[in-house]
């Protein structure tokens, strides 16, 4: 375990024991109650931007021809059943 990880875990444990999830500046800590994971708000925002960007790029990709063909076959079979 790295020293930074140990520090974050100690901080999360301390906050959990004290029932205090807020910094003196009024910002709440992001903690997962199950394992005490703590992320600074600016890190959460950065992760959100990266994930949004990744998902946006993925959604904009064209559907592969193989999937289009499979969907067409599935639709044809469903029409036959009716």
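Residue numbers (the working numbering): 1163 to 1244. Even for Gly, the Cβ is constructed at its ideal location relative to N, Cα and C.
What residues are listed by DSSP as bridge partners for residue i?
{"i": "residue 1220", "result": "Residue 1220 is not bridged to any residue."}
Could you give the distance in angstroms between the alpha-carbon of residue i and the alpha-carbon of residue j?
{"i": "residue 1198", "j": "residue 1212", "result": "23 Å"}
{"i": "residue 1226", "j": "residue 1234", "result": "13 Å"}
{"i": "residue 1221", "j": "residue 1215", "result": "10 Å"}
Which of helix, strand or coil does DSSP assign to residue i?
{"i": "residue 1205", "result": "helix"}
{"i": "residue 1186", "result": "Note that residue 1186 has pLDDT 46, beneath the 50 cutoff, so the model's placement of it is unreliable and the number below is only indicative. Of the three classes helix, strand and coil, the one that applies to residue 1186 here is coil, per DSSP."}
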